[in-house]
């Protein structure tokens, strides 16, 4: 995000003007902006990508649904899978961008 040049320009464009990039730059806060006042009155089930299968299992059990809940793993192999390094500058920049999403997530967790 802080980088000059084509890559930095693209990263900023996706975050700052997500309309041209489908949902890539639109975080949780963007999707829930118009309903935040309604959330405290709702039963919300938070399903996270990192724990997707376990969260779905809990949701199905909680709701007493009788469904096959085993997820199929497709597209799990990709060339940059193990390329996860993020510099401190990059981490700091990214955290500034997603700060509002973290705030919204903390509200959902209550």
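Numbering (my numbering), first residue to last: 1 to 110. Don't be surprised by glycine CBs; every beta carbon is placed ideally from N, CA and C.
- Specify the secondary structure class of residue 52 as computed by DSSP and reduced to three states. helix
- Nearest-angstrom Cα separation, counted from residue 110 out to residue 71: 27 Å
- Task: Please determine, among 90, 30, 31, the residue with the shortest C-alpha to C-alpha distance to residue 4.
- Result: 90
- Task: Taking residue 106 as part of the alpha helix (DSSP H), name the residues at either end of that continuous run.
- Result: 88-108
- Exposed or buried, residue 92, counting other C-beta atoms within 10 Å across all chains shown (16 or more means buried)? exposed
- Task: Reducing DSSP to helix, strand and coil, say where residue 31 ends up.
- Result: helix
- Message: Quick test of your reading: residue 69 and residue 55, contact by CB under 8 Å. State the CB separation rounded to the nearest angstrom.
- Response: The pair is not a contact, with the Cβ atoms about 10 Å apart (cut-off 8 Å).
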